[in-house]
Ligand SMILES: Cc1cc2nc3c(=O)[nH]c(=O)nc-3n(C[C@H](O)[C@H](O)[C@H](O)COP(=O)(O)OP(=O)(O)OC[C@H]3O[C@@H](n4cnc5c(N)ncnc54)[C@H](O)[C@@H]3O)c2cc1C
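In the numbering used here, the protein residues as written are 15 to 310.
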């Protein structure tokens with residue numbers, strides 16, 4: 015059955031007309047929109063990671079095109095001297111077609127990032143792509159070390175991945191995980207995900223390299239702050255990360271308290287899959303969109 019994202023992705027006119035629904039979570043359709051959003055964030059002391067929206071690309075030309083937009087995005091960040099890097103979904107640059115294609119496209123992106131020493135994050139997608147993502151990451155690390163993975167705390171395998179990440183001195187982002195996963199692969203209950211998240215956060219904060227603590231969850235943010243205090247971690251030893259449009263006041267408050275904050279800024283026309291995940295995550299996000307629909 016076609017998903018909401020499939021229907022919109024096949025119908026660019028409808029997608030454009032409905033963009034106003036996603037406006038809170040997506041900076042815009044063009045690089046210029048994303049650059050403007052980053053300039054505003056930078057002016058308030060927040061850094062950014064730019065994500066060109068699109069995932070599960072099935073045609074090679076589309077994968078090449080997405081990689082080209084990433085190259086252009088890196089050029090734009092460098093030209094405007096923005097405090098930003100990029101987050102790449104490997105499925106947007108060909109992972110579901112072939113690993114070699116995704117790797118070749120990633121190489122083009124890394125070649126562009128290298129002269130600017132820009133960090134490139136590989137987002138983590140569904141659990142069936144995790145091994146492949148680590149294989150592509152390994153190949154990328156052969157020629158560039160400013161590239162790093164994401165750990166999803168809901169995955170049963172996450173602790174083992176974190177130990178490998180620490181041993182290899184990789185720079186990881188820790189998040190809860192956003193995909194629908196079977197029970198034998200992922201923890202389902204929120205208290206258990208939070209517990210795992212904090213155990214992994216502790217390992218990464220105490221032994222890892224500049225981890226990104228990606229969550230909007232006040233409980234986890236407070237626990238990470240307390241851990242950092244207990245171990246006298248410097249505020250520049252890690253960064254908090256949140257999504258564009260979600261808890262912006264909390265993002266600024268953390269910066270005022272002296273913490274680093276990086277905002278994940280998605281842009282592009284293929285916003286439906288990303289938007290759908292944000293709505294499924296929280297009732298507040300749905301209510302926000304409904305209020306906008308009725309002009310409230
Ligand atoms: C920077 C970043 C990068 C990410 N990258 C990936 C990735 O590569 N792969 C992946 O699978 N997932 C990724 N995610 C998504 C992540 O896995 C979660 O799905 C998402 O962040 C929701 O979990 P949470 O911990 O933020 O808060 P939730 O579990 O959604 O909410 C927990 C608590 O947070 C607070 N809260 C959350 N949202 C709101 C809101 N809108 N308004 C008010 N309070 C709110 C509330 O106190 C709530 O009870 C990323 C998330 C971030 C922030």
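We treat Cβ as the ideally placed atom computed from N, Cα and C, and that holds for glycine. Nothing here was measured: the structure is a model prediction, and the numbers come from that model.
So residue i and residue j are in contact, right, with Cβ under 8 Å, and what is the actual spacing, rounded?
i, j, result
"residue 36", "residue 289", "4 Å"
"residue 48", "residue 279", "6 Å"
"residue 169", "residue 200", "6 Å"
"residue 134", "residue 108", "At roughly 16 Å, the Cβ-Cβ gap does not stay under 8 Å, so residue 134 and residue 108 are not in contact."
"residue 282", "residue 68", "6 Å"
"residue 275", "residue 60", "5 Å"
Closer than 8 Å to a non-hydrogen atom of ligand 1 - does that hold for the CB of residue i?
i, result
"residue 210", "no"
"residue 158", "no"
"residue 201", "no"
"residue 69", "no"
"residue 204", "yes"
"residue 299", "yes"
"residue 64", "no"
"residue 190", "yes"
"residue 283", "no"
"residue 88", "no"
"residue 255", "yes"
"residue 101", "yes"
"residue 213", "no"
"residue 231", "yes"
"residue 305", "no"
"residue 228", "yes"
"residue 35", "no"
"residue 260", "yes"
"residue 171", "no"
"residue 31", "no"
"residue 265", "no"
"residue 109", "no"
"residue 295", "yes"
"residue 234", "yes"
"residue 175", "no"
"residue 193", "yes"
"residue 97", "no"
"residue 290", "no"
Taking Cβ to Cβ, would you say residue i is nearer than 9 Å to residue j?
i, j, result
"residue 190", "residue 211", "yes"
"residue 3", "residue 120", "This structure gives no information on residue 3, because the portion of the chain shown stretches from 15 to 310."
"residue 181", "residue 164", "no"
"residue 183", "residue 137", "no"
"residue 123", "residue 144", "no"
"residue 33", "residue 43", "yes"
"residue 58", "residue 261", "no"
"residue 257", "residue 277", "yes"
"residue 264", "residue 237", "no"
"residue 188", "residue 167", "yes"
"residue 291", "residue 192", "yes"
"residue 78", "residue 127", "no"
"residue 217", "residue 176", "yes"
"residue 142", "residue 106", "no"
"residue 254", "residue 241", "no"
"residue 284", "residue 23", "yes"
"residue 19", "residue 287", "yes"
"residue 146", "residue 94", "no"
"residue 73", "residue 111", "yes"
"residue 56", "residue 92", "no"
"residue 179", "residue 140", "no"
"residue 227", "residue 234", "yes"
Bridge partners for residue i per DSSP, in chain order?
i, result
"residue 100", "64 and 134"
"residue 226", "187 and 253"
"residue 155", "The partner list for residue 155 (beta bridge, DSSP) is empty, contrary to what the question assumes."
"residue 200", "169"
"residue 233", "In DSSP, residue 233 forms no bridge with anything."
"residue 212", "Residue 212 is not bridged to any residue."
"residue 161", "134"
"residue 276", "61 and 255"
"residue 281", "66"
Residue i: beta carbon under 8 Å from a heavy atom of ligand 2?
i, result
"residue 36", "This structure simply doesn't include ligand 2; it includes ligand 1 instead."
Could you tell me whether the region 80 to 89 touches the region 55 to 67, where touching means 3 or more Cβ pairs closer than 8 Å?
-> Because the criterion of three Cβ pairs below 8 Å is met, the region 80 to 89 and the region 55 to 67 touch.
Would you call the region 199 to 211 and the region 243 to 256 touching, i.e. three or more CB-CB distances under 8 Å?
-> Judged by Cβ distances under 8 Å, the region 199 to 211 makes no contact with the region 243 to 256, as fewer than three pairs qualify.
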